[in-house]
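>
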Ligand SMILES: [Zn+2]
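Numbering (the UniProt record's numbering), first residue to last: 1 to 265.
1) Decide yes or no for the touch test of the region 249-256 against the region 202-219: beta carbon pairs closer than 8 Å, at least 3 of them.
2) Could you tell me the boundaries of the alpha helix (DSSP H) in which residue 92 lies?
3) State the Cα-Cα distance for the pair residue 263 and residue 225, rounded to the nearest angstrom.
4) Alpha helix (DSSP H) containing residue 111: first to last residue?
5) Can you tell me the Cα-Cα spacing of residue 217 and residue 57, whole angstroms?
6) Helix, strand or coil, according to DSSP, for residue 87 in the structure here?
7) According to DSSP, is residue 81 helix, strand or coil?
8) If contact is defined by three or more beta carbon pairs under 8 Å, each pair taking one atom from either stretch, is the region 111-123 in contact with the region 178-188?
9) Could you pull the DSSP bridge partners for residue 164 from this structure?
10) Could you name the residues of the same chain whose beta carbon sits closer than 7 Å to that of residue 43, not counting the 5 residues immediately before and after it, in chain order?
11) Please look up how many angstroms separate the CB atoms of residue 54 and residue 162, rounded, as I've assumed it's under 8 Å.
12) Would residue 279 and residue 82 be called neighbours here (beta carbons separated by less than 8 Å)?
13) Determine, using beta carbons only, whether residue 232 and residue 202 come nearer to each other than 8 Å.
14) Rounded to the nearest angstrom, what separates residue 227 and residue 258 at their Cα positions?
15) Is residue 128 near ligand 1, going by C-beta to nearest heavy atom under 7 Å?
16) Roughly how many angstroms separate the alpha carbons of residue 29 and residue 229, rounded to a whole number?
17) Ignore the nearest five residues each way along the sequence and tell me which others in residue 234's own chain have a CB closer than 7 Å to its CB.
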């Protein structure tokens, strides 16, 4: 009924239904991504490249709660779910070729604990939706890099990833390249994306010590507010400059670096 956009009568019904078909959906998606990887191979072949040509890909992990923004508000790690996706950069559609989902949430364990049982996810009685223990680090991106690499390695003729673009502060590349190089005998190159460059820049300006007369305001809170605004403004200006230069240089790295050297003037 859901496939013809018939609304679910209740949340319980939705939950029951997803319990029934959850595993099937996971398997279907795994199978689909396997086909997508074959399509990438075909795209390479159609463009006249051998199918084992190293391809560029991108990888990022996203959390249900921001790890940085919320760390002062809770003594625990704020995130409970993390999704890692690897995207190919061969076709214009940027297909997802591998996914890993880490989850600490488990209703069954909460229920069992309320009845006095010492239930720890995963590994208790009944269905467990968590695949991380409560005390495991949710930000273990090295592991999240390894597991999608295993999915790619499962193919008969696995795709060869030549360059992996990740964020600058993540260990996903380390995990991915370790596993991937075992299978295809090639260590992928690690590239960094400008989106995270901007957030790293923002954090460094936030942390930088300025003289007390730098920002106007009567109280410390006033100073901090203006400081924050200054960091955001400077980062946005740099991002705009970078984007313009990037488009103008049209992929020529030497020209990009040359143009950027004039930005400060
Ligand atoms: Zn559980």
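We put the CB at the ideal spot given by N, CA and C, even for glycine.
In short, the structure shows the following:
1) Taking a cut-off of 8 Å on C-beta distances, the region 249-256 does not touch the region 202-219, as fewer than three cross pairs fall below it.
2) By one-based count along the chain shown, residue 92 stands at place 92. Premise fails: residue 92 is in no alpha helix (DSSP H) and is neither H nor E.
3) The count along the chain shown starts at 1 and reaches residue 263 at position 263. The count along the chain shown starts at 1 and reaches residue 225 at position 225. Cα to Cα, the separation comes out at about 27 Å.
4) Position 111 of the chain shown, counted from the start, is the residue given in the question as residue 111. Residue 111 -> alpha helix (DSSP H) spans 107-114.
5) Here residue 217 is taken as the residue at index 217 of the chain shown, counted from 1. Here residue 57 is taken as the residue at index 57 of the chain shown, counted from 1. Between the alpha carbons of residue 217 and residue 57 lies a gap of roughly 47 Å.
6) On the chain shown, position 87 is the one that residue 87 refers to. Three-state result, residue 87: strand.
7) Within the chain shown, residue 81 is the residue found at index 81, counting from 1. Secondary structure of residue 81 (DSSP, three-state): strand.
8) Short answer: they don't touch.
9) Within the chain shown, numbered from 1, the residue matching residue 164 stands at position 164. As DSSP reads the structure, residue 164 sits in a beta bridge with 57 and 190.
10) For this step, residue 43 is matched to residue 43 along the chain shown. The beta carbon of residue 43 sits closer than 7 Å to the beta carbons of 90 and 91 from its chain, once the five residues preceding and following it are set aside; these are given in chain order.
11) Locating residue 54 in the chain shown gives position 54, counting from the first residue. Locating residue 162 in the chain shown gives position 162, counting from the first residue. With a Cβ gap of about 3 Å, residue 54 and residue 162 count as contacting.
12) As displayed, the chain neither begins before 1 nor continues past 265, which places residue 279 out of reach and without an answer.
13) Indexing the chain shown from 1 puts residue 232 at position 232. Indexing the chain shown from 1 puts residue 202 at position 202. Contact annotation: residue 232 and residue 202 have beta-carbon atoms nearer than 8 Å.
14) Looking up residue 227 in the chain shown gives position 227. Looking up residue 258 in the chain shown gives position 258. Approximately 30 Å between the Cα atoms of the pair.
15) Here residue 128 refers to the residue found at position 128 of the chain shown. Ligand 1 has a heavy atom closer than 7 Å to the beta-carbon of residue 128.
16) As a first step, residue 29 must be located in the chain shown, where it is residue number 29. As a first step, residue 229 must be located in the chain shown, where it is residue number 229. Distance between the alpha carbons of residue 29 and residue 229: 43 Å.
17) As a working mapping, residue 234 is identified with position 234 in the chain shown. Correct list, in chain order: 205.
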